[in-house]
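In my numbering, the protein residues as written are 174 to 595.
Here it is, written out as structure tokens:
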């Protein structure tokens, strides 16, 4: 990897950086066929896709009891870590719960109330791999919101990962199904003989999962379409190059298509970060994956002419994870609006938020942080406005209502007000 100057980036390079694509469209047609078959054929199609895509002959799709058993048999040290992380995630998300309110606006009693969804489906990546953190991030906010029925799907394997199952149970899932990929999203969206349909589907996954969420959207609600992991480190001359490189490599090991970026106005730091990456990469267990991510067109170490240019770059990039390692990190943060989650200072690695600090790691990617935020308690709530007017309040508004209603040709609306004063 070489340091590149922001000033010298061409149109194609800028497009690769700022127009990141999760690869959803490339599999959309295939996913549509999977979704249609699951909707029409139910468990039969689900089992066939488990054989085809996961290489597993699934016996019982419902593995709720297996999750409970894995929790009971879990290694005490692992279970303690799961509980610690779950407690932190729960504590943070409980602060997000909005209160119902009503206020008097001169005879107009107006307010809002919040109610949880009845049922949601949480996709937890895994199978043979272990993603207990993703279980906590999806399930805990739903339970904090008060969702009555939380369904989890996780990819099948000859032996499901016990750490993931234990975390699913600890987080409070009501039902767990051994189904992965696009077929899992379709199963919880439309229901099968085994799977109960839900109102909303959330959680991270590969491009097949993301494409399936795009396909079912409209028949069921979703959180958002998330792509491969991203991190942008905004650093000045005070940053420790080893820390910057470590944060880049941590996200790079997620996926070949992960996007990892460092931007600074200090040439010495930029060079030192590249040197650290070159030195540490060969030592990584997932070095091939990390190397592919570092070569991604949306990855790189970039030199800005000033921190102002670096800030503009970070704002335009709108990263899933934004790490600010600089002397005046708060001042830099004040100038950036678009980021999924922000990590301030040298001792706040992105991994802290990935696992245990309490914030959620299900976040917008591909620049979507310009439009919305990550998974939260609000994701699982619906709001209703409430109003009560007394006679004087309606009388004071009657002229405004009737004038506007008649301007729109809706004379029945106007009459509904006048009749109350006849």
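A virtual CB, placed ideally from N, CA and C, is assigned to each residue, including glycine.
No experiment lies behind these values; they were computed from the predicted model shown.
Where does residue i sit, in a helix, a strand or coil, going by DSSP?
{"i": "residue 341", "result": "helix"}
{"i": "residue 289", "result": "strand"}
{"i": "residue 553", "result": "helix"}
{"i": "residue 191", "result": "helix"}
{"i": "residue 363", "result": "helix"}
{"i": "residue 437", "result": "strand"}
{"i": "residue 350", "result": "strand"}
{"i": "residue 304", "result": "coil"}
{"i": "residue 416", "result": "helix"}
{"i": "residue 560", "result": "strand"}
{"i": "residue 514", "result": "strand"}
{"i": "residue 403", "result": "strand"}
{"i": "residue 327", "result": "strand"}
{"i": "residue 470", "result": "coil"}
{"i": "residue 235", "result": "strand"}
{"i": "residue 244", "result": "helix"}
Taking residue i and residue j to be in contact with their CB atoms under 8 Å, please state how far apart those CB atoms are, rounded to whole angstroms.
{"i": "residue 438", "j": "residue 480", "result": "5 Å"}
{"i": "residue 406", "j": "residue 362", "result": "Actually they do not touch by this definition, with Cβ atoms about 37 Å apart."}
{"i": "residue 338", "j": "residue 243", "result": "4 Å"}
{"i": "residue 236", "j": "residue 307", "result": "So it is not a contact: roughly 16 Å between Cβ atoms."}
{"i": "residue 202", "j": "residue 256", "result": "Contact doesn't hold; Cβ gap of about 43 Å is too wide."}
Going by C-alpha distance, which of the options is nearest residue i?
{"i": "residue 325", "options": "340, 203, 317", "result": "340"}
{"i": "residue 498", "options": "486, 488, 185, 522", "result": "522"}
{"i": "residue 385", "options": "586, 210, 414", "result": "210"}
{"i": "residue 303", "options": "332, 573, 502", "result": "332"}
{"i": "residue 387", "options": "588, 571, 196, 180", "result": "196"}
{"i": "residue 408", "options": "525, 216, 381, 443", "result": "443"}
{"i": "residue 347", "options": "188, 316, 411", "result": "316"}
{"i": "residue 505", "options": "394, 520, 182, 487", "result": "487"}
{"i": "residue 226", "options": "298, 328, 183", "result": "328"}
{"i": "residue 295", "options": "278, 282, 323", "result": "323"}
{"i": "residue 218", "options": "246, 298, 359", "result": "359"}
Check the DSSP bridge columns for residue i and list the partner residues they point to.
{"i": "residue 408", "result": "437, 498"}
{"i": "residue 584", "result": "Paired residue(s): none; residue 584 is not in a bridge."}
{"i": "residue 373", "result": "293, 394"}
{"i": "residue 200", "result": "BP columns for residue 200 are empty, so no partner."}
{"i": "residue 475", "result": "177, 436"}
{"i": "residue 282", "result": "277, 561"}
{"i": "residue 322", "result": "292"}
The region 186–194 touching the region 372–391, judged by at least three CB pairs closer than 8 Å: no
Three-pair Cβ contact test at 8 Å for the region 337–355 versus the region 215–228: yes
Could you tell me whether the region 526–539 touches the region 255–266, where touching means 3 or more Cβ pairs closer than 8 Å? yes
For the pair the region 543–559 and the region 275–290, tell me if three or more CB-CB distances fall below 8 Å. yes
Closer than 8 Å is the cut-off here; do at least three beta carbon pairs connect the region 488–495 with the region 394–409? yes
Specify whether the region 268–284 and the region 297–311 touch according to this definition: at least 3 beta carbon pairs, one from each stretch, less than 8 Å apart. no
Segment contact flag, the region 411–426 with the region 574–583, C-beta cutoff 8 Å, min 3 pairs: no
Determine, using beta-carbon pairs with one atom in the region 451–459 and one in the region 558–570, whether at least three such pairs fall under 8 Å. no
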